[in-house]
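Trainee:
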Amino acid sequence: MKRHLLGYVFALIFLMASIAQAQVEKCHISLYDGELVRNATITKMGRDALIVDVGGSSEKVYVGNISSITFVSEPAELKEVRNYLTDSRFEDMLDTLKIIDPGQLSVNMKKEVEYLRVRAAAGLAFNGALSIPEALKVMDKYFSSKENLEYYRFYELSELYANLNILQGSEDALKKAEQAFGAMTKAEKSPILKARGLLGVGNIALKKGDAEKAEKAFKMVLTMVKDQEVEGVRAEMEVRSRCGIASAHVLEGNTSAAITDIQKIFSENLISAEDPINAHLYNTLGNAQMKAGKPKDAAISYMHTHLLYNGNKQQHTEALDALIKIFREELRDEKRALELEGIKKSRYSTKKG
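Residue numbering for the sequence shown follows our numbering, starting at 65 and increasing by one per position.
Structure (structure tokens):
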């Protein structure tokens with residue numbers, strides 16, 4: 065009897081030790097400035113900041129400064145899923161997430177797994193492998209949890225949610241997108257997150273034909289990022305906001321200024337020739353050239369996106385649609401228009417979610 069009792073006691077001690085270990089889960093926090101917060105314990109999770117215990121000292125780490133978080137005792141599959149995310153292998157992400165044993169996971173690891181499932185769904189939707197309504201349904205369910213609204217990935221997913229709603233295009237969807245971007249502009253002590261939110265606000269204003277509001281938002285972005293030192297961030301934000309200002313010029317009828325602005329960005333070599341953001345630049349230039357009555361120049365610009373920067377479905381389909389219209393209506397080349405329609409259909413035919 066005593067032997068059995070001792071067995072129960074040891075089992076209970078082991079269980080309590082396991083629970084205690086889960087409650088003090090250690091993690092490493094990588095920051096954008098290159099610093100690494102090692103062996104931290106997250107004592108409070110928030111959308112704006114984490115409160116962490118490091119060696120007995122309490123620190124506040126703002127979400128806008130966090131590049132990534134890895135957990136000390138996380139299963140190898142979780143690291144594998146993050147690698148798949150880096151490579152945009154969203155199907156592989158979902159397949160690997162299925163084999164992770166929830167019993168191995170701490171509370172925050174479970175939240176990370178939930179985030180990664182939603183992130184994969186969004187990625188599949190942007191790639192055209194999952195319908196946008198289905199992806200938005202997954203994201204709406206995720207955001208229905210109050211806990212998820214305070215997870216540190218909140219703003220990242222909000223931006224994706226907003227962009228998917230923009231692609232959806234309905235009035236209600238644009239309203240949801242505007243709300244999501246608006247939430248980002250309120251990010252605490254995170255200028256880059258605020259700037260990304262303002263970029264979204266500006267892009268929605270462009271869709272609504274409000275050049276003044278759009279230009280105001282984009283100029284605010286330029287001001288916010290001018291002192292940013294994180295590699296690549298300032299250049300990306302500057303290019304996107306200057307593209308937005310050029311598009312606002314087009315809405316105002318000042319196409320010559322828009323064309324000059326975009327060509328100046330190219331001449332300044334702010335981004336590399338391999339950067340996918342070039343698709344946005346060429347599409348913006350093509351739109352300005354079309355509005356200026358230069359369909360041949362516009363076709364050349366859009367063709368750059370089609371041939372060289374076709375990795376993003378949104379930018380590529382925008383270029384293809386413009387090219388089809390130019391060849392059919394302006395250049396009277398029906399054969400080429402049909403070829404491009406075939407390319408669009410074969411690559412982006414509707415897939416069931």
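Cβ coordinates follow ideal geometry from the N, Cα and C atoms, glycine included. Remember, it's a predicted structure, so these values are computed and weren't measured experimentally.
Drop a sphere of 10 angstroms on the beta-carbon of Tyr215, count the other beta-carbons inside from all chains shown, and report buried for 16 or more, exposed for fewer.
Mentor: Buried, since its Cβ has 16 or more Cβ neighbours within 10 Å.
Trainee: Within 10 angstroms of its Cβ, does Ile163 collect 16 or more other Cβ (buried), or is it exposed?
Mentor: Exposed, by the Cβ-count rule.
Trainee: In three-state terms, what does DSSP make of Tyr126?
Mentor: Strand at Tyr126.
Trainee: Of the residues Lys290, Val265, Gln292, which one's Cα is nearest the Cα of Glu279?
Mentor: Ranking the options by Cα distance to Glu279, first place goes to Val265.
Trainee: As a quick exercise: from Gly120, Leu95, Met203, Phe218, pick the residue whose alpha carbon is nearest that of Thr107.
Mentor: With distances taken between Cα atoms, Thr107 lies closest to Gly120.
Trainee: So for Ala356, helix, strand or coil by DSSP?
Mentor: Looking at Ala356 - three-state DSSP - the assignment turns out to be coil, as it is neither helix nor strand.
Trainee: Can you give me the Cβ contacts of Met109 inside the same chain, cut-off strictly under 8 Å, excluding the 5 residues immediately before and after it?
Mentor: Taken in chain order, the residues that qualify are Asn172, Lys175, Glu214, Tyr215, Tyr216.
Trainee: Using only alpha-carbon positions, find the residue among Glu138, Ser137, Arg111, Val136 that is nearest to Val125.
Mentor: Selected option, being the one with the closest Cα: Arg111.
Trainee: Assign Thr369 to buried or exposed, taking buried as 16 or more other Cβ atoms, counted over all protein chains shown, within 10 Å of its Cβ.
Mentor: Burial call: buried.
Trainee: Our contact map puts Ala352 next to Thr319 with C-beta atoms below 8 Å; I'd like the distance itself, whole angstroms only.
Mentor: Correct: roughly 5 Å between the Cβ atoms.
Trainee: Under three-state DSSP, which class holds Leu372?
Mentor: Three-state result, Leu372: helix.
Trainee: For Ala244, which residues of its own chain have a beta-carbon under 6 Å away from its beta-carbon, when the five flanking residues on both sides are left out?
Mentor: The answer, listed in chain order, is Ser222, Tyr225, Ala226.
Trainee: Compute the distance between the beta-carbons of Pro340 and Tyr373, then report whether it is under 9 Å.
Mentor: In this structure, Tyr373 lies closer than 9 Å to Pro340 by Cβ.
Trainee: Could you give the first and the last residue of the continuous alpha helix (DSSP H) run that contains Thr319?
Mentor: Element bounds for Thr319: 319-332.
Trainee: Is the stretch 344-362 touching the stretch 325-333 in the sense that three or more CB pairs, one from each, lie closer than 8 Å?
Mentor: As far as the Cβ criterion goes, the stretch 325-333 touches the stretch 344-362, which means the pair count is three or higher.
Trainee: Is Asp112 helix, strand or coil when you go by DSSP?
Mentor: If DSSP states are grouped into helix, strand and coil, Asp112 belongs with coil.
Trainee: Determine the burial state of Gln379: buried for a count of at least 16 other Cβ atoms within 10 Å of its Cβ, exposed for fewer.
Mentor: By the 10 Å Cβ count, Gln379 comes out buried.
Trainee: In whole angstroms, what is the alpha-carbon distance linking Ala86 and Ala189?
Mentor: The pLDDT assigned to Ala86 is 45, lower than 50, so where the model puts this residue is not dependable, and the model offers no usable value.
Trainee: Helix, strand or coil: which one does DSSP assign to Thr249?
Mentor: Note: Thr249 maps to coil in three-state DSSP.
Trainee: When the cut-off is 9 Å and only beta carbons count, does Leu100 lie next to chain B?
Mentor: Included in the structure is just one protein chain, with no chain B present.
Trainee: When burial is assigned at 16 or more other CB atoms within 10 Å of the CB, is Gly308 buried or exposed?
Mentor: Its Cβ being crowded by 16 or more others within 10 Å, Gly308 is buried.
Trainee: Could you tell me which residues DSSP pairs with Ile106 in its beta bridges?
Mentor: Answer is Val116, bridged to Ile106.
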